[in-house]
Structures are given as structure tokens and as C-alpha cells.
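Residue numbering for the sequence shown is 548 to 746, as defined by this note's numbering.
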Amino acid sequence: METRAAAPRRLIVAITGATGAIYGIRMLETLRKLGGVESHLLISSAGWLNIQHELQLSKEDVHPLADVVHSVRDVGASIASGSFATDGMVVAPCSMKTLASVAHAFSDNLITRAADVTLKERRRLVLLVRETPFNLAHLRNMTAVTEMGGVIFPPLPAFYNQPASIDEMVDHTVARVLDLFALGPALSPAWQGLRDAQD
């Protein structure tokens, strides 16, 4: 009997027009260091504006960080079909516009189509939503995505690990997100409790 070859580990990373482009870029850098995971990159036009404004990076800087780069307009790309196996998708950062499109299954570009495919195939979708404060529409859209099986993961800094820099805060968030996909050994240290905690 012929055995079927295992599909390669694949993760889709999308960067949209919310502040925090560093999260998507650091995600790609971490996947490259991790190895063994094929990264598929999508960047919206507003995402590019933020990358240029916040990080002063060009397409020539960013594209080599991914294994495959897709145009957001290419709705016929491989990742637009559920038959193309992936471990899931991360939108980092995720704008409220993209959140709304995912919540209502608009599939109006490759980012939201790939997210829709991820949900319908019961794969993990993680949205690093970036806005503050939230209005009721934002909250309802987050609830809708959660009810469909998505994970809402605002990139809030953790201070219990006493970060010494913004880079350390970003790295901790990226590690926590990637650990949700179990792509290898845990990247973020497990909480060991407070040694001097009192009742």
C-alpha cells in the first residue's frame, strides 16, 4: 500500500493597516530562525504604509523574510483553497476593517479569503487586533470570530517577565502566538508562579 507523504508545515502571515507592523515582521523572522515551517506572506496596501512609516522597511527588505509572497489581489492563489494544507493563519497586526471582513465572511481580498478558508477548514486563525478603545461593533466582530473558532489575541505587553526593552515585549507576544500552533518546542517560558506569593 502506497503511503501518503506528510504535508509540510505551513503558516500564513498577514500584515494589515493597524499600528504594530513589527509583530508581523518579527513573526516572519522568528519562523525563519525556527526552520521547518513554510511561511506565506500577505500585506495589504495600508499594511505597507505602516511598515514604511513605523519600521522604514521596503519590499526588498521584507519579501526575503517569507518563503512565499502573495498579492492580496490574487484570489486564485494556493492559500485561497482549503485543499492547500496549512497549520493556520496569523494576522499581525489586524485592523478593525480586516476583523469586520473576517467576522462577516466578505472574502473581498486574499487576506480575508485565506482567513475564511482557515475558519471553514477548522484550522487555527489568530488575529492580533489593534485598536483602542473598542467600540461595540469591534467587540461584536471579535465575538463573532471567536464563536467561529478564531482566536482574538490583542498584542498586550506582559510585565511579569520584567521586559527590559520594546523588543523583548514584542518577542514575548510573538512567542506566545507561535506556541498556539505547536510548531516545535515552546518559544515562551512557562510561568512558574511567584516564589514569594502570600495567601
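We treat Cβ as the ideally placed atom computed from N, Cα and C, and that holds for glycine.
For clarity, every value in this text was computed on a predicted model and none was experimentally measured.
In the DSSP assignment, what are the bridge partners of residue i?
i: GLY635; result: ARG671
i: ALA561; result: LEU589 and VAL638
i: VAL616; result: LEU588
i: ILE699; result: LEU674
i: ARG556; result: VAL584
Do residue j and residue i have their beta-carbon atoms positioned less than 8 Å apart in this structure?
i: ALA650; j: VAL619; result: no
i: LEU730; j: ASP634; result: yes
i: GLU601; j: ALA568; result: yes
i: MET574; j: VAL638; result: no
i: GLU585; j: ASP614; result: yes
i: LEU589; j: ALA661; result: yes
i: HIS610; j: HIS587; result: no
i: MET643; j: GLU694; result: no
Locate the alpha helix (DSSP H) running through residue i, then write down its first and last residues.
i: HIS685; result: 683-694
i: SER629; result: The sequence shown places Gly at residue 629, rather than the Ser named in the question. Counting along the chain, GLY629 falls outside any alpha helix (DSSP H), and DSSP gives it neither H nor E.
i: SER648; result: 643-650
i: ALA729; result: Taken as a continuous stretch (DSSP letters only), ALA729 belongs to no alpha helix (DSSP H), as it is neither H nor E.
Keeping to the same chain, check which residues put their C-beta closer than 7 Å to that of residue i; ignore five residues upstream and five downstream.
i: ASN688; result: LEU646, ALA647 and ALA650
i: VAL676; result: CYS641, LEU646, MET689, ILE699 and PRO701
i: ASN530; result: Here the chain comprises residues numbered 548 to 746, so residue 530 is not present and cannot be evaluated.
i: VAL717; result: ILE569, TYR570 and ARG573
i: TRP595; result: none
Taking the alpha-carbon of residue i as reference, which of the options has the nearest alpha-carbon?
i: SER591; options: LYS606, ALA561, ASP608 and LEU612; result: ALA561
i: LEU727; options: HIS719, LYS580 and VAL673; result: VAL673
i: GLY623; options: ASP655, PHE706, SER712 and GLY740; result: ASP655
i: ARG629; options: VAL721, ALA593, PRO611 and LEU657; result: A quick correction: the sequence has Gly, not Arg, at residue 629. For GLY629, the nearest C-alpha among the options comes from LEU657.
i: ARG557; options: MET695, THR665 and LYS644; result: THR665
i: GLY583; options: LEU741, GLU668 and PRO732; result: PRO732
i: ARG670; options: LEU612, ARG723, PHE631 and TRP595; result: PHE631
i: THR659; options: THR679, ILE626 and PRO555; result: ILE626
i: LYS667; options: GLY696, ASP714, ARG723 and LEU686; result: GLY696
Could you please give the first and the last residue of the uninterrupted beta strand (DSSP E) stretch that includes residue i?
i: HIS587; result: 584-590
Excluding the five sequence neighbours on either side, which residues of its own chain have a C-beta within less than 8 Å of the C-beta of residue i, listed in chain order?
i: HIS719; result: PRO704, ALA705, ASN708, PRO710 and SER735
At a cut-off of 7 Å, would you count residue i as near the ligand COA, judging by its Cβ distance to the nearest heavy atom?
i: VAL721; result: Questions concerning the ligand COA fall outside what the structure shown contains, since it holds no ligand whatsoever.
Looking only at its own chain, which residues have a Cβ that is under 6 Å from the Cβ of residue i, when we skip the five neighbours before and after it?
i: PHE653; result: THR659
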